[in-house]
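Each residue of the sequence shown is one higher than the one before, starting from 82 at the first, in our numbering. Yeah, the Cβ is synthetic: ideal placement off N, Cα and C, and Gly gets one too.
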Amino acid sequence: MEVIHKIGRRKTAVARAYVAQGSGNITINKKDMAVYFPTATLQYKVNQPLVMTNNEGNFDITVNVYGGGITGQAEAIRLALSRAMCELDAENRGILKPEGLLTRDPRMVERKKFGQKKARKKFQFSKR
82 MEVIHKIGRR KTAVARAYVA QGSGNITINK KDMAVYFPTA TLQYKVNQPL VMTNNEGNFD
142 ITVNVYGGGI TGQAEAIRLA LSRAMCELDA ENRGILKPEG LLTRDPRMVE RKKFGQKKAR
202 KKFQFSKR
């Protein structure tokens, strides 16, 4: 098996995942996953596509991720790994699709408009 390269995005985070046959090592930005994502919730999000397709411990995964916060980065990695699992075996799509792991979350931060305090909040109007 050659290396599978997939991209996942969430908010402004972009993750490039490289999946190769191996022993289950997950490296994110040249750090171990437990070091990069210290909380169990974020580690669960990254591992979710592997656990659901019974592939944990079968592949060495290297990820380059940038932009956004740690939650957005974890979800971007999850999307990239979900896409990689679908390329490995077409049957995995039927497992991951109902859970929403193959859907790119389109929600982004709305831009600030001129003449306003924030994207939607207006300046306070006081009549004296």
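Same chain, Cβ closer than 6 Å to residue i, five either side skipped, listed in chain order
i    : result
N173 : T134, M166 and C167
V144 : A96, A98, I109 and I158
Proximal residues to residue i (C-beta, below 8 Å), its chain only, five neighbours per side dropped
i    : result
K203 : Q197
L182 : Q129, P130, M133, R159, L160 and S163
Cβ neighbour criterion (16 or more within 10 Å) applied to residue i
i    : result
I109 : buried
Y125 : exposed
G105 : exposed
V190 : exposed
I107 : buried
M114 : buried
F118 : buried
Simplified DSSP state of residue i, which is helix, strand or coil
i    : result
V116 : helix
A200 : coil
R35  : Only positions 82 to 209 of the chain appear in this structure, which leaves residue 35 out of reach.
N173 : helix
T134 : coil
V84  : coil
D102 : The sequence shown places Gln at residue 102, rather than the Asp named in the question. In the structure shown, Q102 sits in a strand (DSSP, three-state: E or B).
V127 : helix
R90  : strand
R97  : strand
T122 : helix
Backbone CA spacing between residue i and residue j [nearest angstrom]
i    : j    : result
Y147 : Q205 : 37 Å
V116 : L162 : 19 Å
D186 : G153 : 10 Å
I142 : N136 : 12 Å
I88  : L169 : 15 Å
Chain D contact for residue i (CB, 8 Å cutoff)
i   : result
A96 : Within the model displayed, chain D is absent; a lone protein chain is all it includes.
Three or more C-beta pairs below 8 Å linking the region 148 to 157 and the region 94 to 114: yes
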